[in-house]
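Protein chains in written order, with the numbering used here: chain A, 1 to 325; chain B, 1001 to 1275; chain C, 2001 to 2297. Virtual Cβ for every residue (Gly too), placed ideally from N, Cα, C. If you're wondering where the values come from, they're calculated on a predicted model, not measured in any experiment.
1) Taking contact to mean 3 or more Cβ pairs, one atom from each stretch, closer than 8 Å, check whether the stretch 148-158 of chain A and the stretch 63-74 of chain A are in contact.
2) Flag residue 1023 (chain B) as yes if its beta-carbon sits less than 8 Å from any beta-carbon of chain A, otherwise no.
3) At which residues does the alpha helix (DSSP H) containing residue 162 (chain A) begin and terminate?
4) Can you pull the DSSP bridge partners for residue 1236 (chain B)?
5) Going by DSSP in three states, residue 1160 (chain B) sits in which element: helix, strand or coil?
6) Which one of C:2278, C:2155, C:2024 and C:2150 has the shortest CA to CA distance from residue 2232 (chain C)?
7) Are the C-beta atoms of residue 2186 (chain C) and some chain A residue less than 8 Å apart?
8) Report yes or no: is there a C-beta of chain A within less than 8 Å of the C-beta of residue 2258 (chain C)?
9) Exposed or buried, what is residue 2043 (chain C) when buried is set at 16 or more other beta-carbons lying within 10 Å of its beta-carbon?
10) For the stretch 2133-2201 of chain C, list the alpha helix (DSSP H) runs that are entirely contained and at least 4 residues long, ordered along the chain.
11) Among the candidates A:189, A:298 and A:289, whose CA atom is the shortest distance from the CA of residue 2048 (chain C)?
12) With a threshold of 8 Å, are at least 3 pairs of Cβ atoms found where one atom belongs to the stretch 2207-2219 of chain C and the other to the stretch 2172-2190 of chain C?
13) What in chain C is Cβ-close to residue 156 (chain A), meaning under 8 Å?
14) Does the stretch 161-169 of chain A come close enough to the stretch 72-87 of chain A to have 3 or more Cβ pairs within less than 8 Å?
15) Residue 1038 (chain B) and residue 1060 (chain B) look like a contact to me (Cβ under 8 Å); what is the Cβ gap, rounded to whole Å?
16) Along the alpha helix (DSSP H) that carries residue 177 (chain A), what are the first and last residues, could you check?
17) Assuming contact is defined by CB atoms lying nearer than 8 Å, are residue 192 (chain A) and residue 238 (chain A) in contact in what I supplied?
18) If we define contact as Cβ-Cβ less than 8 Å, is residue 316 (chain A) a contact residue for chain B?
19) With H, G and I counted as helix, E and B as strand and the rest as coil, what does DSSP make of residue 279 (chain A)?
20) Entirely within the stretch 2191-2259 of chain C and at least 4 residues each: give me those alpha helix (DSSP H) ranges in chain order.
21) Nearest chain C C-beta to residue 33 (chain A) closer than 8 Å, yes or no?
22) Would you say residue 125 (chain A) faces chain C, with C-beta separation under 8 Å as the test?
23) For the stretch 220-239 of chain A, which residues have a beta carbon sitting closer than 8 Å to at least one beta carbon of chain B?
24) Is residue 45 (chain A) close to chain B? Criterion is C-beta to C-beta, closer than 8 Å.
25) Is the CB of residue 105 (chain A) under 8 Å away from at least one CB in chain B?
26) Sort B:1172, B:1210, B:1074 and B:1137 by Cα distance to residue 1228 (chain B) and report the nearest one.
27) Near residue 141 (chain A), which residues of its chain fall below 8 Å by C-beta distance, leaving aside the five closest residues on each side in sequence?
28) Give the interface partners of residue 307 (chain A) over in chain C, defined as CB-CB distance under 7 Å, in chain order.
29) Could you list the residues in the stretch 2265-2277 of chain C with a C-beta less than 8 Å from some C-beta on chain B, going in chain order?
30) Tell me the rounded alpha-carbon separation between residue 2256 (chain C) and residue 2275 (chain C).
31) Three Cβ pairs or more, each shorter than 8 Å: is that satisfied between the stretch 1213-1229 of chain B and the stretch 1046-1059 of chain B?
32) Provide the residue span of the alpha helix (DSSP H) that contains residue 27 (chain A), from first to last.
33) Who does residue 1187 (chain B) pair with in a DSSP beta bridge?
34) With DSSP as the reference, label residue 1026 (chain B) as helix, strand or coil.
35) Under the three-state reduction of DSSP, which class applies to residue 74 (chain A): helix, strand or coil?
36) Grab the span of the alpha helix (DSSP H) containing residue 233 (chain A) for me, first residue to last.
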């Protein structure tokens, strides 16, 4: 086009010039590749679902819903059910959530509400982050050789004196629910603490000022103003911590005892979906692999629901603080 | 310009309040760490009046106001030397619990700061905090009425306090502060975040509130001080020692301070020669 | 008004005491809660110190040249080590990083800069968050179905890909955060000089956001190095040094898992030593992440 006004500008000044054709091509190509990579995440999730689902399909067709309600896992009879594993997964995660939640929120309060000097708080935060950096298999090892021997005297005493109480109805012979849930609690504590700390920190200073201006003591300010204000963030922390507990594998495979039974006793061995996969997969073949894939789908569904719930609560919290609503 | 500490003491001494003094602030020094923020200022607060604090930015007027209910205790490096008596008790005394002080001496802040709870719960907060046993609904309604907010929110008491406009939020904060019937209400530039219409409403509200409460008001707006304050305290900044130390230059009847200031510095400030 | 008069006025108005009352219920409650909070904080740090103590005392005693280089011992054998497991872990983490880092950063560029509010961006951002919450063992199940069954053998490839699936969302989300932090005025300046969008990204956004991106990558690597569940039935284990990528491969975490259940002291000591090495590897990447994460300027 002869009438391009930039042509004349181009000749008038030797430095300025339009990007070359290869610049344009490179730009388009780069943007396409980046787009493809963003799309890849979507494709990957779909592919994961399709691959695991496809492998699980024969077992799904054969066992149907009775897989969820069945209580035996018998390779020789070809009888597969995961109710004890679902129970064990939920029970261990709830116990861990109870402990890890209380401690996690307490630590978040401890770190954000002026109990210790800011520099000491930073040290403590590093300690909590280090807790998160220790691999789960190391926690498993620690659980076997430190925690279980430590728990046994107490567990035996509780069983002997309070054995009529369902929680203590069996003795701790090595691995069991209590050590597993304790280690789980330690593992989710950093998650709960970190997200709760964020929730407390997001509260503007003026809210704290308002509370103290009304004549609250520190704990009245924390319990009546700061906690309610941070509550949705803390809820998200708890749900995400719960999600993490549900999927934790190695420490549980090493500590829970891999026993196919449903019991409320804290000292009885149990099993979870993830540790079922971990302990049975390497030696499985044929229909058992398909059944394990089915169990993986069940685990995926449970964690998906819990995580989406956690993300939604977290999103709601952020929106609340951005002033919408 | 004569800005020695002695001069400041002299001028402060010149003001002798006629009415009953509810709070008497005889401050010697306020430090933030090593930084001397305010020195030697005597500020008596009279019952049933509005005492305005004016002065250029950095003169410590907010700092002085905030030391009247020990809000500054929240800042670690804050240090107060001197005496603030509230009805004869030194609120900086060793045995005094700052929490209790703040229950009798309420505060409204620069930024509206409602809690993220319902309008009703915001106002009822102080009542519940003080374990009020009577009719909470009635008290909340009365506080909202006195804060001139009742008509606007009476149908949506369950909505979040954060859903209100800026001016409404500030009146909500005033309602929250007066629901427990504190003796003294400290207001730290309560209109600085508000538009002119909302400012007008808050000012009218202050004039009504002084019938029942004693008010102290920090403002950066001289017109506001002229409109609402009975007594005005003018703070200046002393940069002679190298730092920026605030001190009370002059205090007196608002009309006097604005129309016939005793100090040259005051005259320059109220004439708008610096700000 | 004199002081005496003031005091009299105070008595007249029946002013309740402003004094601190130590035995009041409120004060007691506060004290109790504060004590409990301190106890909670101290209790929560005990496991960490206990783990560190065990790692240093039990593991430190066995970390020597033999442990770091020799092959794992069988049954009643004495001595031995986990050299092949260290190499295997590094190789698989390397594969995972090579696969996930470029893809993750490119995806982050799309999410943070090219089209942050498009449907596809919000969908992949959401799915990336969901993926971070996916149990790590499911990445192993996926890699088993997608790679092991396809290749017909357990392999370093399968282990690496399982780890890559775990790393990808972390890389994407942290890189997106880092790139979003690049101030708009810098981008405006580059656009103002007539840069194309990819020129803006390559010349301004990526260099400026690089520390944050590297931090995210290091954290993802640290997480992957400590993982064991996804390797259980993808890389399996091997008692020998890795000779090709398409064969079962040893890793530190699986070695610890295998040895932890053995009734031999030698193996258990080696499990502690391997734990110490594994924690140190994870720690190095964590520290690197912090170093890079130091804000410039």
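On the basis of the supplied data:
1) Contact fails: fewer than three Cβ-Cβ distances are below 8 Å.
2) On the second chain, residue 1023 (chain B) is found 23 positions in, with the first residue counted as 1. Residue 1023 (chain B) has a beta carbon lying at 8 Å or more from every beta carbon in chain A.
3) Stepping through the first chain from its first residue, residue 162 (chain A) is reached at position 162. Per DSSP, residue 162 (chain A) belongs to the alpha helix (DSSP H) from 148-162.
4) Reading the second chain from its first residue, position 236 is the one you call residue 1236 (chain B). Answer is B:1247.
5) Along the second chain, read from residue 1 onward, the residue named residue 1160 (chain B) stands at position 160. Strand, per DSSP.
6) Start at 1 with the first residue of the third chain, and residue 2232 (chain C) comes out as number 232. Check the Cα spacing between residue 2232 (chain C) and each of C:2278, C:2155, C:2024 and C:2150: the tightest is with C:2155.
7) Stepping through the third chain from its first residue, residue 2186 (chain C) is reached at position 186. Output row for residue 2186 (chain C): interface = no.
8) Position 258 of the third chain, counted from the first residue, corresponds to residue 2258 (chain C). The Cβ of residue 2258 (chain C) sits no closer than 8 Å to any Cβ of chain A.
9) For the purposes of this step, residue 2043 (chain C) is taken as residue 43 along the third chain, with counting starting at 1. Residue 2043 (chain C) should be labelled exposed.
10) Counting whole runs of 4 or more residues, the stretch 2133-2201 of chain C contains the alpha helix (DSSP H) stretches 2136-2143, 2156-2180, 2184-2192 and 2197-2200.
11) Position 48 of the third chain, counted from the start, is the residue given in the question as residue 2048 (chain C). Minimum Cα distance to residue 2048 (chain C) is reached at A:189.
12) These segments touch.
13) Working through the first chain from its first residue, we reach residue 156 (chain A) at position 156. Taking a Cβ-Cβ threshold of 8 Å, none of the residues of chain C is close to residue 156 (chain A); the smallest such distance is about 21 Å.
14) As far as the Cβ criterion goes, the stretch 161-169 of chain A does not touch the stretch 72-87 of chain A, which means the pair count is below three.
15) Counting from 1 along the second chain, the entry for residue 1038 (chain B) is found at position 38. Counting from 1 along the second chain, the entry for residue 1060 (chain B) is found at position 60. That belief holds up - the Cβ atoms of residue 1038 (chain B) and residue 1060 (chain B) are roughly 4 Å apart, short of 8 Å.
16) Taking the first residue of the first chain as 1, we reach residue 177 (chain A) at position 177. Where residue 177 (chain A) is concerned, the enclosing alpha helix (DSSP H) stretches over 177-201.
17) As a working note, residue 192 (chain A) is residue 192 in the first chain. As a working note, residue 238 (chain A) is residue 238 in the first chain. One thing to note: residue 192 (chain A) has its Cβ within 8 Å of the Cβ of residue 238 (chain A).
18) Along the first chain, read from residue 1 onward, the residue named residue 316 (chain A) stands at position 316. So, not an interface residue.
19) In the first chain, counting from the first residue as 1, residue 279 (chain A) sits at position 279. When secondary structure is reduced to three states using DSSP, residue 279 (chain A) falls in the helix class.
20) Taken in chain order, the complete alpha helix (DSSP H) segments of 4 or more residues contained in the stretch 2191-2259 of chain C are 2197-2200 and 2206-2226.
21) In the first chain, residue 33 (chain A) corresponds to position 33, counting from 1. Judged by the 8 Å Cβ criterion, residue 33 (chain A) is in contact with chain C.
22) Start at 1 with the first residue of the first chain, and residue 125 (chain A) comes out as number 125. No - not a single Cβ of chain C is within 8 Å of the one on residue 125 (chain A).
23) Those would be 220, 224, 225, 228 and 229, in chain order.
24) Here residue 45 (chain A) is taken as the residue at index 45 of the first chain, counted from 1. Taking Cβ atoms only, chain B never reaches closer than 8 Å to residue 45 (chain A), which makes this a no.
25) Looking up residue 105 (chain A) in the first chain gives position 105. Answer no: the Cβ-Cβ gap between residue 105 (chain A) and chain B never drops below 8 Å.
26) Position 228 of the second chain, counted from the start, is the residue given in the question as residue 1228 (chain B). Looking at the Cα atoms, B:1210 is the closest of the given residues.
27) Your numbering for residue 141 (chain A) matches position 141 in the first chain. Closer than 8 Å at the Cβ level, and outside the excluded window around residue 141 (chain A), lie 254.
28) Against the first chain, residue 307 (chain A) aligns to sequence position 307. Taking a Cβ-Cβ cut-off of 7 Å, the neighbours of residue 307 (chain A) in chain C comprise 2130 and 2133, given in sequence order.
29) Those residues of the stretch 2265-2277 of chain C that come within reach of chain B (Cβ to Cβ, closer than 8 Å) do not exist; the list is empty.
30) Within the third chain, numbered from 1, the residue matching residue 2256 (chain C) stands at position 256. Within the third chain, numbered from 1, the residue matching residue 2275 (chain C) stands at position 275. Rounded to whole angstroms, the separation of the alpha carbons of residue 2275 (chain C) and residue 2256 (chain C) is 7 Å.
31) In short, these stretches touch, since the Cβ pair count reaches three.
32) For the purposes of this step, residue 27 (chain A) is taken as residue 27 along the first chain, with counting starting at 1. Annotation: the continuous alpha helix (DSSP H) that includes residue 27 (chain A) extends over 21-63.
33) For the purposes of this step, residue 1187 (chain B) is taken as residue 187 along the second chain, with counting starting at 1. DSSP lists B:1108 and B:1217 as partners of residue 1187 (chain B).
34) As a position in the second chain, residue 1026 (chain B) is number 26, starting the count at 1. Looking at residue 1026 (chain B) - three-state DSSP - the assignment turns out to be strand.
35) Indexing the first chain from 1 puts residue 74 (chain A) at position 74. Residue 74 (chain A): strand per DSSP, three-state reduction.
36) Taking the first chain and counting its residues from 1, the one referred to as residue 233 (chain A) is at position 233. Per DSSP, residue 233 (chain A) belongs to the alpha helix (DSSP H) from 227-247.
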